[in-house]
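Numbering (the numbering used here), first residue to last: 10 to 76.
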């Protein structure tokens, strides 16, 4: 029943919330994964949502524009 499902979910709610927030929050080390520059962008369409500087982002998307 719905109540059984909620009883199973309640003990795990903190874990689920932690995973959701980890996906949304920016990492502490905000550097480009390719060249290690500080100014970064997060492409939400790329697999793994990597952080790129503007030059590396353009280079990556030039070779894979449709993901």
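Beta carbons: idealized from backbone N, C-alpha and C, even for Gly.
What span of residues does the alpha helix (DSSP H) with residue i cover, start to end?
i: residue 47; result: That residue, residue 47, is in no alpha helix (DSSP H); it is neither H nor E in DSSP.
i: residue 37; result: Element bounds for residue 37: n/a, residue is neither H nor E.
i: residue 73; result: Residue 73 -> no alpha helix (DSSP H), and no H or E assigned at all.
i: residue 15; result: 11-18
What number of angstroms, rounded off, separates the C-alpha of residue i from the C-alpha of residue j?
i: residue 12; j: residue 30; result: 26 Å
i: residue 17; j: residue 48; result: 43 Å
Shortest alpha-carbon distance to residue i belongs to which of the options?
i: residue 56; options: 70, 46, 14; result: 70
i: residue 65; options: 50, 54, 32; result: 50
i: residue 44; options: 58, 72, 63, 15; result: 63
Per DSSP, what kind of secondary structure is residue i in: helix, strand or coil?
i: residue 29; result: helix
i: residue 56; result: coil
Answer yes if the region 10-21 comes into contact with the region 38-47, meaning at least three C-beta pairs across the two stretches below 8 Å, and no otherwise.
no
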